[in-house]
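Read the structure below first, then the notes.
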Amino acid sequence: MPSGRTHDAITVLLAVPTFAAAWGATNSVALAATATGAMLFGGLMFGPDLDILSRQYTRWGPFRLLWWPYRVLFRHRSRWSHGIIFGTLIRVIYFALMLTLFACVAIYLHAAFVASTPADYGAVIRAWRAIEAGALMQGRVLRFVFAALAGLWWGAASHTLTDVAWSVLRKGSQIF
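Position 66 of the sequence shown, counted from 1, bears residue number 142 in the numbering used here, the numbering being contiguous throughout.
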């Protein structure tokens with residue numbers, strides 16, 4: 077398989093064409109920048125190799141502990157980690173669940189130690205509703221969410237497609 081350095085180089089090289097394609101598709105510089113930023117993040121930090129001790133995994137620094145359960149749950153190069161459709165979707169869902177868990181713990185700790193009130197389920201619900209209301213007040217948030225998801229997908233897909241192309245080329249060269 078290509079090295080981490082090769083995957084990184086391909087991700088960076090795809091930034092300009094990704095921006096151009098996204099700008100052409102959306103006619104919005106902001107959406108194109110969102111998709112391109114997400115593609116870079118998806119290729120450099122959020123890609124399929126989070127299931128092993130990889131460059132992507134180690135880039136998370138002290139937060140790589142967040143990905144340890146993911147490494148345990150998913151076998152490397154399985155359809156669930158490297159799959160073109162399911163790989164990114166599973167990582168987004170996993171990451172959202174982990175962020176939700178950490179947010180719930182933070183809300184509980186804030187209520188228990190800072191606000192000196194008993195932490196309850198209602199505090200968590202009120203906090204999430206405030207976050208949701210803030211996001212919905214932004215108006216066009218959904219378009220940016222879709223641009224970010226498309227970028228994350230493309231960053232991870234470029235990794236998987238590079239792995240597939242590398243395997244095909246290696247097997248093809250062994251035939252001749």
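Glycine is no exception: its CB is placed at the ideal position from the N, C-alpha and C atoms.
Every value quoted in this text rests on a predicted model; they were computed, and no experiment measured them.
Excluding the 5 residues flanking residue i on each side, which residues of the same chain have their C-beta closer than 8 Å to its C-beta?
i, result
"residue 91", "112, 115 and 116"
"residue 245", "none"
"residue 121", "132, 135 and 136"
"residue 82", "238"
Tell me the residue span of the alpha helix (DSSP H) that contains residue i.
i, result
"residue 93", "91-102"
"residue 148", "144-149"
"residue 175", "162-185"
"residue 135", "131-135"
"residue 159", "Element bounds for residue 159: n/a, residue is neither H nor E."
"residue 115", "105-120"
Quick one: what's got a C-beta closer than 6 Å to residue i's C-beta in the same chain, skipping five residues either side?
i, result
"residue 125", "132"
"residue 229", "164"
"residue 174", "142"
"residue 223", "107, 110 and 111"
"residue 27", "Past the boundaries of the shown model lies residue 27; the chain is included only from 77 to 252, so the question cannot be answered."
Could you name the residues of the same chain whose beta carbon sits closer than 7 Å to that of residue i, not counting the 5 residues immediately before and after it, in chain order?
i, result
"residue 108", "95, 98, 99 and 102"
"residue 180", "200"
"residue 210", "none"
"residue 219", "107"
When the Cβ atoms of the stretch 233-246 are set against those of the stretch 150-164, are three or more pairs found closer than 8 Å?
-> yes
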